[in-house]
Every structure is written in C-alpha cells, then in structure tokens.
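Working notes, beginning with the structure itself.
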Amino acid sequence: MNKITIGIVAFLLIGGYMITTDQGYDLKDDAEDRKGFLKDFSGWVVNIGKNAKEVGGVVKDQDWLPEREFEEHTDNDTAK
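Here the working numbering is used: the first residue of the sequence shown is 1184, the next is one more, and so on.
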C-alpha cells in the first residue's frame, strides 16, 4: 500500500470513530445504531466528495501562470 491509501483509510477510520463517539452509537448491540451510523457516515463521505469537487473546480479555474510583465533574459546574461 502506498502512503496516500494509508492516509485515506486512516482519515476514514478516524472520521467513523468521531461520528460513533459524537452520536453515542452502540454498534455492537443495536441494529438501529448501526443503521444510523451508516447513514451519517455515508452522508459525511458524500459531503467530502462534493467539497473536493468544488475545491477542484476552483483550483482548475485559477490562473497559475505568472504575468508576462518581467524582463526577458537571454542565455548570455550573467549574474552580477
């Protein structure tokens, strides 16, 4: 496994743990809590995807190239 995959899995596990503890779900004994957890966790993952898509769109639309208002240098220029 590469580091990115490990990071994503760790992020999802920590997020799932935080949802479980915040909502007080008892995943071992209560089927309703498991359903509630799956609903909350899947909603959280969907929101992450929507936010990533939005951020990616903003990043794509940015002008990443520098302005052409600088002086052109030739190969024969020397540092002084």
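Even for Gly, the Cβ is constructed at its ideal location relative to N, Cα and C.
- Residue state for M1201 is assigned as helix, using DSSP reduced to three classes.
- DSSP, read as helix, strand or coil, puts R1251 in coil.
- The C-beta of Y1208 has 16 or more other C-beta atoms within 10 Å across all chains shown, which makes the residue buried.
- Between W1227 and the set K1186, L1196, I1189 and G1190, the nearest pair of CA atoms involves L1196.
- In this chain, the alpha helix (DSSP H) harbouring G1239 covers A1214 to D1244.
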